[in-house]
Amino acid sequence: MLRATGEVTARSPENVNPNIPTGEVELQVDELEVISTSPPLPFQLDEENVDETLRIRYRWLDLRRDKLQRNIRLRAKAVSIIRREMEGAGFVDIETPIMWKPTPEGARDFLVPTRLQKGRFFALPQSPQIAKQLLVIAGFERYYQIARCFRDEDVRADRVQELTQLDLEMAFPDREYIFGLIERTFSAVWRETIGEELPTPFPRMAYSEAMLRYGSDKPDLRFGLEIEDATEVTRGSEFKVFADAPAVRFLRVPQEFSRADLEKLEAFAKEWGAKGLAYIVYGEDGEPRSPIAKFLSQDELAAFRSEPGTTVLFGADRPDLVARVLGQVRLRVGGELGMVDESVWLPLWVVDFPMFDWDEDEQRWSANHHPFTAPTPDSEPMLEKDPGRAIAQAYDFVLNGNELGSGSIRIHRPEIQQRVFGILGITPEEQRSRFGFLLDALAMGAPPHGGIAPGIDRTMMVLAGEPNLRDVIAFPKNQAGVDPMSGAPSEVTADQLDELGMQLKPETKPTAGD
Ligand code: ASP
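Residue 5 is where the sequence shown starts when you use my numbering, and the numbers rise one by one after that.
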């Protein structure tokens, strides 16, 4: 870094450079001072494709790059607009504890041991869910917070372990009010940061329809390529795979795929749990080419008949698996064939989620949203009898195929909360020890309440057009959940462990270079 003092003079006409802002002037330096020096940089600020861990290792340099400067400043602006909108609507900003009881949001907890209570642990909040319900019960009828949440799960391009949410909750919630508030707030963010309009009101789609037509609970509506159902027409098919499958669905892709393309797609489908990927290719002559065509009846062939230059791709399995596989194939093919209209913003409310999902591995029900979500009045009587059919008063805010936030109307009656805990396999003793304080609060005149929590990191990723969440966070961990800059998480001394009454198992000793 240099400091130069001198007189600014006009450049002679032949030396004017119109391409730079200071191209018309020159500094006649009288005094030059070196303020600080630097070794050669580990990477140049205009260099592309620098290894991400190296970038995070020298984040103070990385953050000087135009793109990251823009992203971090954009984030500050967006959060400031969000705060203004929340406060304008009468929401009160209240902090909730970071070291507390676990909040179940479907991830593992980060635990914090404490010297004063050896053998006991705080959990970092997976979200402020329980705290915000208590605040509303306590009379803060509109609460919000830009809240940090911690979830110990695998890091992906669109998922970090330490995330930030716009967390909000209100008493006597009206779903329409919450939808309107989010629509206004996010429209203001889009308009005032990047000058784009989100089309309001956001359309709505039931979860079941989203799964059926798009194979996803966060459908990307920027392209068609909808999934079609063939379960009826394939009942009694001579192609055994179709006849025996609980669900048969297909995609009509406007492309004549080669055998090599189909092999790649089949391998991809298998990664998502498919046993195979049956297909019919309609070449330029319009004739079906497929190893399964000879097994198909006239009715079946009529149902699949497509334009020349089309490939029909099938999923035949359990409905949830078919949805997942074809949903992923749809996204991949849509992206590869350039079908996605990158110029549009297409938000969506996904509504009418199921209350519970059946967990095959654990052989038990788990909450689709979280255990505090209220069933619809119609579903209440069937909770125990038919948990798989119970519908939740839950909703997701989706934009261009990204889930930006989830929310729900909550259970405010303790007996319903106990019944839901029971279906989730939480015994009455466990209910007391884990959630006794919430049950007590619900029993003391809790108003109906509900809310939502859009993720700030995800929102920024979509707003800034970044494929990687870490590029909208000033100091992210890398993909292994490590901060290569500070070296966190780091080892602690034997004395520190001793004070906490803890000891590491020999096999968990950190290895060099971790
Ligand atoms: N606590 C929920 C979450 O973090 C959001 C909500 O229901 O308000 O996903």
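In this text, a Cβ means the ideal position worked out from N, Cα and C, and glycines have one as well. As the structure is a prediction and not an experimental result, all values here were calculated from the model.
Residue i Cβ short of 7 angstroms to ligand 1 heavy atom set
{"i": "Ile395", "result": "no"}
{"i": "Glu109", "result": "yes"}
{"i": "Gly411", "result": "yes"}
{"i": "Ile456", "result": "yes"}
{"i": "Ser494", "result": "no"}
{"i": "Gln2", "result": "Because the chain is modelled from 5 through 518, residue 2 falls outside the range shown and cannot be assessed."}
{"i": "Ser435", "result": "Note on identity: in this sequence residue 435 is Gln, with Ser being the wrong assignment. Answer for Gln435: no, Cβ out of range of ligand 1."}
{"i": "Gln169", "result": "yes"}
{"i": "Gln507", "result": "no"}
{"i": "Gln149", "result": "no"}
{"i": "Ser84", "result": "no"}
{"i": "Gln367", "result": "no"}
{"i": "Gln133", "result": "yes"}
{"i": "His453", "result": "no"}
{"i": "His374", "result": "yes"}
Extent of the continuous beta strand (DSSP E) to which residue i belongs
{"i": "Thr314", "result": "314–321"}
{"i": "Arg414", "result": "That residue, Arg414, is in no beta strand (DSSP E); it is neither H nor E in DSSP."}
{"i": "Val12", "result": "6–14"}
{"i": "Ala498", "result": "Note, Ala498: premise wrong, no beta strand (DSSP E); alpha helix (DSSP H) at 498–503."}
{"i": "Tyr286", "result": "283–286"}
{"i": "Phe401", "result": "398–403"}
{"i": "Ala210", "result": "208–210"}
{"i": "Trp353", "result": "351–355"}
{"i": "Ser437", "result": "Per DSSP, Ser437 belongs to no beta strand (DSSP E); it is in the alpha helix (DSSP H), 432–446."}
{"i": "Phe360", "result": "360–363"}
{"i": "Trp369", "result": "368–371"}
Residue i: first and last residue of the uninterrupted alpha helix (DSSP H) it sits in
{"i": "Asp34", "result": "Per DSSP, Asp34 belongs to no alpha helix (DSSP H); it is in the beta strand (DSSP E), 29–38."}
{"i": "Ala307", "result": "302–308"}
{"i": "Asp461", "result": "460–468"}
{"i": "Asp248", "result": "244–248"}
Inter-residue CB distance, residue i and residue j (contact presumed, cutoff 8 angstroms)
{"i": "Ala394", "j": "Met359", "result": "4 angstroms"}
{"i": "His453", "j": "Glu173", "result": "6 angstroms"}
{"i": "Arg2", "j": "Asn406", "result": "For the chain, the structure presents residues 5 to 518; residue 2 sits outside this window and is missing."}
{"i": "Ile460", "j": "Val164", "result": "About 11 angstroms; that fails the 8 angstroms criterion."}
{"i": "Asn404", "j": "Arg226", "result": "6 angstroms"}
{"i": "Asp382", "j": "Ile60", "result": "50 angstroms between Cβ atoms; not a contact."}
{"i": "Leu78", "j": "Met464", "result": "7 angstroms"}
{"i": "Ala278", "j": "Pro323", "result": "In fact, because the Cβ distance is near 13 angstroms, the residues do not count as touching under 8 angstroms."}
{"i": "Val402", "j": "Lys222", "result": "5 angstroms"}
CB contact check: residue i to chain C, cutoff 8 angstroms
{"i": "Ile296", "result": "Absent here is chain C; the protein component of the structure consists of one chain."}
Notebook entry, point to check: What alpha helix (DSSP H) runs, 4 residues minimum, are completely inside the segment 106–190?
Noted result: 133–141
Count the CB pairs spanning the segment 284–295 and the segment 338–355 that are closer than 8 angstroms, and state whether there are at least three. no
Taking one C-beta from the segment 139–146 and one from the segment 462–481 each time, how about it: are there three or more such pairs within less than 8 angstroms? no
Practice problem: Only counting runs of 4 or more residues, tell me where the alpha helix (DSSP H) segments fall wholly within the segment 258–299, in order along the chain. | Solution: 263–275
| task | Run through the segment 61–97 for me and flag every whole beta strand (DSSP E) of 3 or more residues, listed as ranges in chain order. | result | At a cut-off of 3 residues, not a single continuous stretch assigned as beta strand (DSSP E) sits fully inside the segment 61–97.
Handout entry: Any 3 or more C-beta pairs closer than 8 angstroms across the segment 376–390 and the segment 232–242
Key = no
| Touch check for the segment 7–17 and the segment 27–36: three-plus C-beta pairs under 8 angstroms? | In this structure the segment 7–17 lies against the segment 27–36, because at least three pairs of beta carbons, one per stretch, are closer than 8 angstroms.
- Stretch-stretch touch, CB-based, cutoff 8 angstroms, three pairs: the segment 434–448 with the segment 128–138: yes
Whether or not the segment 125–135 and the segment 149–160 are in contact is what I'm after, with contact meaning three or more pairs of Cβ atoms, one per stretch, closer than 8 angstroms; do they touch?
yes
>> Within 8 angstroms, do at least three Cβ pairs link the segment 334–346 to the segment 192–207?
In response: no
Sequence ranges, alpha helix (DSSP H) only - wholly within the segment 319–349, length at least 4: 323–340
Take every Cβ of the segment 254–261, pair it with every Cβ of the segment 315–329, and state whether three or more of those distances are shorter than 8 angstroms. yes
query: Quick check: the segment 292–308 against the segment 241–250, are there 3 or more CB pairs under 8 angstroms?
result: The segment 292–308 and the segment 241–250 touch, with no fewer than 3 CB-CB distances between them shorter than 8 angstroms.
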